[in-house]
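Here the sequence shown is numbered in my numbering, starting from 13 and rising by one per residue. Cβ coordinates follow ideal geometry from the N, Cα and C atoms, glycine included. Shown next, in structure tokens, is the structure this report addresses.
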Amino acid sequence: MSAVGGAGGGRTAVADVDASAPVGTVVPAELDGLPVTVVRHEGGWVVVDDECTHAACPFGADGEVFDGHVLACNCHGSEFDLRTGEVLLGPAERALTVRALAVVEGRLVVAGDGPADRP
Numbered sequence: 013m014s015a016v017g018g019a020g021g022g023r024t025a026v027a028d029v030d031a032s033a034p035v036g037t038v039v040p041a042e043l044d045g046l047p048v049t050v051v052r053h054e055g056g057w058v059v060v061d062d063e064c065t066h067a068a069c070p071f072g073a074d075g076e077v078f079d080g081h082v083l084a085c086n087c088h089g090s091e092f093d094l095r096t097g098e099v100l101l102g103p104a105e106r107a108l109t110v111r112a113l114a115v116v117e118g119r120l121v122v123a124g125d126g127p128a129d130r131p
């Protein structure tokens, strides 16, 4: 996707998604040419790599969100906290990298370089 924002303040757009989509919405997308998964949880929108840290199974549109903030992998059942990336249930042992997204000009864009902002 393209950059959005003013001169020098452009950010990478990740997805064109209805910003009012319900909690639990999971959308496959690309970021810097790599597959990612965009997820709406109770605290807002985040982006994670499109593979579980256990066996690299893709989340794609098949990732499931429950309890408002838990992403489950449909391959082997690993569960991750979308607010922090922390593994809540194995077999995965390594956390997900979670980046916050913001809505800018009607598009979801990477909000920063660090972990997701806490609501």
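Nearest to C87 by CA position, among G36, L120, E117 and T65, is which residue?
Ranking G36, L120, E117 and T65 by Cα distance to C87 puts T65 first.
Leaving out the 5 sequence neighbours to the left and right, which residues in its chain are closer than 8 Å to S90 when beta-carbon positions are compared?
C64, T65, H66, A84, V99, L101, G102, P103 and A104.
Rounded to whole angstroms, what's the CA-CA distance from L94 to D28? Just pull it up for me.
Their backbone Cα atoms lie some 20 Å apart in a straight line.
Cα-Cα, which of T37, G97, E42 and P70 is closest to T25?
It should be pointed out that residue 25 corresponds to Ala in this sequence rather than to Thr. Of the listed residues, the one whose Cα sits closest to A25 is E42.
Quick one: grab the DSSP three-state call for D74.
The answer is helix: DSSP assigns D74 an H, G or I state.
Grab me the residues of G21's own chain with a C-beta within less than 7 Å of its C-beta, minus the 5 sequence neighbours each way, in chain order.
For G21, the predicted structure reports a pLDDT of 43, less than 50, and the residue's modelled location is therefore unreliable. A value from the coordinates is still provided. No residues qualify anywhere along the chain.
Determine the closest residue to A112 out of V51, A73 and D62, with distance taken between C-alpha atoms.
The residue with the shortest Cα to Cα distance from A112 is V51.
If I follow the unbroken beta strand (DSSP E) through T65, where does it start and stop?
Element bounds for T65: n/a, residue is neither H nor E.
For F71 versus T49, is the C-beta distance shorter than 8 Å?
Yes. Within cutoff.
How many angstroms separate the CA atom of A31 from the CA atom of R106?
Each residue's Cα considered, the two are about 29 Å apart.
Please state the DSSP three-state secondary structure of L94.
Note: L94 maps to coil in three-state DSSP.
State the beta-bridge partners of A112 as determined by DSSP.
Paired residue(s): V58.
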